[in-house]
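These notes are about the structure you will find just below.
There are 2 protein chains.
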Amino acid sequence: MARAGLDKETIIRKAADLANEAGFERITLKLLADSLNVQPPSLYNHIKGIDDLQRELMLYGWRQLDEKMTQAAVCVSGYDALEAVCRSFYEYATENSGIFNAMLWYNKFQNDEADKATEKLFSLIYRIFSTLNISKENCDHLIRTYRSFLEGFALLVNNRAFGNPVSIEESFQISLQVLIAGTKTFEGKD
Amino acid sequence: MARAGLDKETIIRKAADLANEAGFERITLKLLADSLNVQPPSLYNHIKGIDDLQRELMLYGWRQLDEKMTQAAVCVSGYDALEAVCRSFYEYATENSGIFNAMLWYNKFQNDEADKATEKLFSLIYRIFSTLNISKENCDHLIRTYRSFLEGFALLVNNRAFGNPVSIEESFQISLQVLIAGTKTFEGKD
DNA sequence: TCCAATAAACTAATTTAATTAGTATTATAA
DNA sequence: TTATAATACTAATTAAATTAGTTTATTGGA
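Line order of the protein sequences matches chains A and B. So the first sequence is numbered by the working numbering: it starts at 223 and just counts up by one. So the second sequence is numbered by the working numbering: it starts at 223 and just counts up by one.
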């Protein structure tokens, strides 16, 4: 039988596609194997199992997001950079809802690789905040504020939990205004 | 064989306990049945299956949270009420991480019952905002801002995604300060 | 009180997914 | 060219969800 030419990268990419199309929770090794025209056990030559697959998908997402956010911060500074970076997070999370779902469970796989994938991202945000005349200590807290809002907002959008006809784009814009106005009250504090 | 005296309520409560103790994703009908000293098929006399169980757990959570938040809003007003209500959300979500996890997937079961469970909650928040001299339109957006932040923050706390030793309690406090300061810039607007 | 109907539990069987064991075949590199 | 390693396979196992069909307890009239 002809070799399928599988490798880890191919498998993760296909899983990412399936996650975005059908939903993260609906990925099974059977479905994945079918999409790749192999039998489920063949996948075990490249991944350790479904937990490993999910972990790889999580890492894949954070690495892609890091790339995208870093690009968004090029040639902008201050609050403009902050806004650009937030917006790129939102775009990635909503355009890749399946992968984003895998990323949410970040915690469960806590390890060096995961830390490495998010470390660059953190230092990017950190660099932006540090140009805003905000104390290091408040920086740490504000990063959590923004991260919470962004993950929460994207999650709710992806889950179509915002029921009424109010514009989601406008809500995002106003939310950023609120956060930024609030952040400004911390300039020079401490 | 003696009847176990099962009913839907008993099953949901036990599932809620298990979700908080072992994690929402780890609930199986086998585990649940064992905890209730029955065989898995017996559960089907009261619930339609595992999807139905998860949906019921989601509703159970939103009803409990509604109750708790309403209590938190008694005898306070304005931004104090807003803060009290946010804090009670946070407490519930972190003290009931398993149930909160079920609540997150709210969307997937969108129906009248789910809407009814969150409707009261929405109108509570709405009433609070409407005392703050904020336009109806901005109200709609700000509710999304707060909701996103609160769900995101609780999710991250529950998943132990805030790695560093910075105080989580302090981050929550500062986040609320940021949101409230930002919200104040919308007073009288529009 | 008795009995029919209903509800609640059961056992047994089915389906589907994840995983493991063991085998065969292809590619590669000495 | 041949040994080795990698890759895919089939077959079997385990575990969970679910369905079918049966039994037994409860309960509300006659």
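We put the beta carbon where it would ideally sit given N, CA and C, even for glycine.
Skipping 5 residues on each side, what residues in its chain have a beta carbon closer than 7 Å to that of residue i?
i                      : result
residue 379 of chain A : 316, 390
residue 265 of chain B : 233, 251, 254, 255
residue 386 of chain B : none
residue 409 of chain A : 354, 355, 356
residue 262 of chain A : 251, 252, 255
residue 249 of chain B : 237, 240, 241
residue 273 of chain B : none
residue 297 of chain A : none
Please list, in chain order, all residues of the same chain as residue i whose beta carbon is under 8 Å from its beta carbon, the five residues on each side excluded.
i                      : result
residue 323 of chain B : 241, 245, 246, 247, 380
residue 284 of chain A : 325, 328, 336, 339, 340, 343
residue 223 of chain A : Confidence in residue 223 of chain A is poor, its pLDDT being 47 and thus under 50, which makes the residue's placement too unreliable to answer from.
residue 269 of chain A : 230, 233, 275, 278
residue 236 of chain A : 254, 257, 258
residue 358 of chain B : 352
residue 267 of chain B : 228
residue 293 of chain A : 310
residue 243 of chain B : 320
Between residue i and residue j, is the Cβ-Cβ spacing less than 8 Å?
i                      : j                      : result
residue 363 of chain A : residue 402 of chain B : no
residue 350 of chain A : residue 303 of chain A : yes
residue 291 of chain A : residue 311 of chain A : yes
residue 299 of chain B : residue 353 of chain B : yes
residue 393 of chain B : residue 366 of chain A : yes
residue 411 of chain A : residue 360 of chain A : yes
residue 374 of chain B : residue 373 of chain A : yes
residue 306 of chain A : residue 346 of chain A : no
residue 321 of chain A : residue 368 of chain A : no
Since residue i meets chain A, which of its residues come closer than 9 Å, beta carbon to beta carbon?
i                      : result
residue 396 of chain B : 360, 363, 364, 366, 367, 408
So residue i contacts chain B; which residues on that side make the cut at Cβ distance below 8 Å?
i                      : result
residue 328 of chain A : 381, 383
residue 289 of chain A : By Cβ distance, chain B contributes nothing, its closest Cβ being about 20 Å from residue 289 of chain A, past 8 Å.
residue 393 of chain A : 362, 363, 366, 367
residue 386 of chain A : 362
Using a C-beta to C-beta distance shorter than 7 Å, which residues of chain A count as neighbours of residue i?
i                      : result
residue 405 of chain B : 400
Buried or exposed: residue i, going by 16 or more other Cβ atoms within 10 Å of its Cβ?
i                      : result
residue 348 of chain B : exposed
residue 355 of chain A : exposed
residue 308 of chain A : buried
residue 400 of chain A : buried
residue 277 of chain A : buried
residue 288 of chain B : buried
residue 271 of chain A : exposed
residue 405 of chain A : buried
residue 398 of chain B : buried
What in chain B is Cβ-close to residue i, meaning under 9 Å?
i                      : result
residue 333 of chain A : In chain order: nothing, as chain B lies at least about 12 Å away.
Using a C-beta to C-beta distance shorter than 8 Å, which residues of chain A count as neighbours of residue i?
i                      : result
residue 374 of chain B : 369, 370, 371, 372, 373, 374, 375, 377
residue 345 of chain B : Within 8 Å Cβ-Cβ: nothing; residue 345 of chain B doesn't reach chain A, min ~13 Å.
At a CB-CB cut-off below 7 Å, which residues of chain B make contact with residue i?
i                      : result
residue 307 of chain A : Ordered by position in chain B, no residue passes the 7 Å Cβ test against residue 307 of chain A, which lies about 16 Å from the chain.
residue 242 of chain A : Result: empty, since nearest Cβ-Cβ is about 16 Å, beyond 7 Å.
In chain order, what residues of the same chain lie with their CB nearer than 6 Å to the CB of residue i, ignoring the 5 residues before and after it?
i                      : result
residue 377 of chain A : none
residue 301 of chain B : 402
residue 239 of chain B : none
residue 286 of chain A : none
Between residue i and the ligand FAD, is there a pair consisting of the residue's CB and a ligand heavy atom that are separated by less than 7 Å?
i                      : result
residue 304 of chain A : Of ligands this structure carries none, so the ligand FAD is not represented either.
**Request:** Starting from the N-terminal side, write out each stretch of the alpha helix (DSSP H) that is 4 residues or longer and does not extend beyond the region 317 to 364 of chain B.
**Result:** Runs found: 319 to 326, 334 to 352.
**Request:** Jot down the residue ranges of each uninterrupted alpha helix (DSSP H) in the region 229 to 264 of chain B, minimum 4 residues, whole runs only, in chain order.
**Result:** 230 to 244, 251 to 257
**Request:** Output the residue ranges of the alpha helix (DSSP H) runs that lie fully inside the region 267 to 307 of chain B and measure 4 residues or longer, sorted by chain position.
**Result:** 272 to 294
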